[in-house]
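My numbering numbers the first residue of the sequence shown as 5 and each following residue consecutively.
The beta-carbon is built from N, C-alpha and C at its ideal position, and this holds for glycine as well.
All of these numbers come straight from a predicted model, not from anything done at the bench.
Data block below; observations after.
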Amino acid sequence: MLIQPGRPEDAPPPAVVAAMASTIFNTIGIVVGAAVLVASIVNLLVPSFAV
Numbered sequence: 005m006l007i008q009p010g011r012p013e014d015a016p017p018p019a020v021v022a023a024m025a026s027t028i029f030n031t032i033g034i035v036v037g038a039a040v041l042v043a044s045i046v047n048l049l050v051p052s053f054a055v
């Protein structure tokens, strides 16, 4: 079953779907990791600042 309606023949190959899912999840992980890193650095520089 496809997420979007249409013919199964028009769907992208499984490798393309897997690569896109991997790219999306990795991007989300990098953004969240960067936010945690920034919060940690702020906490080290200004210990009284509650994040």
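In the three-state DSSP reduction, A25 falls in the helix class (H, G or I). Taken through DSSP and simplified to helix, strand or coil, A15 comes out as coil. Contact between F53 and V42 does not hold, since the beta-carbon distance rounds to 12 Å and is not under 8 Å.
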